[in-house]
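For the sequence shown, position 47 matches number 47 in the working numbering, and the numbering has no gaps at all.
First comes the structure, then the notes that go with it.
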Amino acid sequence: MPTSIAVTVEPSVLSFSAIGEKKSFKVHVYGPNIAQQPITSGEIMWDDGVHFVRSPLVVFTVLPGSPYPAFSTRQKKPFSRDSSMHHKNWILGH
């Protein structure tokens, strides 16, 4: 993610006690108006010191499927300064 975008994850630590156990977490994305790029992406990296898991993160500055003027300098609906929340269920298994 660009440095101008802040991402927080709640809770920041997930602890599992059984294979197949499900956990939930919330991702909050904050940032300024960014009308120059319709899509910005990054990742959330989870690790326990041995295993590493990558959760892709994509921020759309326009609604997916809506027309976007690729070379226009004007953007009618820029990225909101308010948080965007995404709920995701997490399953750990072998």
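Don't be surprised by glycine CBs; every beta carbon is placed ideally from N, CA and C.
Reduced DSSP category for residue i - H, G, I as helix; E, B as strand; rest coil
i	result
A6	strand
H28	strand
V59	strand
K22	strand
V50	coil
F71	At F71 the pLDDT is 48, less than 50, meaning the model places this residue with poor confidence; the figure from the coordinates comes in the next sentence. It is coil, neither helix nor strand.
M1	coil
Run of the beta strand (DSSP E) containing residue i, from where it starts to where it stops
i	result
G42	I39 to D47
Strand pairing of residue i, partner residues [DSSP]
i	result
V13	For V13, which the question treats as bridged, DSSP gives no partner whatsoever.
Option in the options with minimal Cα separation from residue i
i	options	result
G31	P56, G20, P67 and V7	V7
W46	V13, E21 and Q37	V13
S41	R54, D48 and G49	R54
E10	E21, P67 and K26	K26
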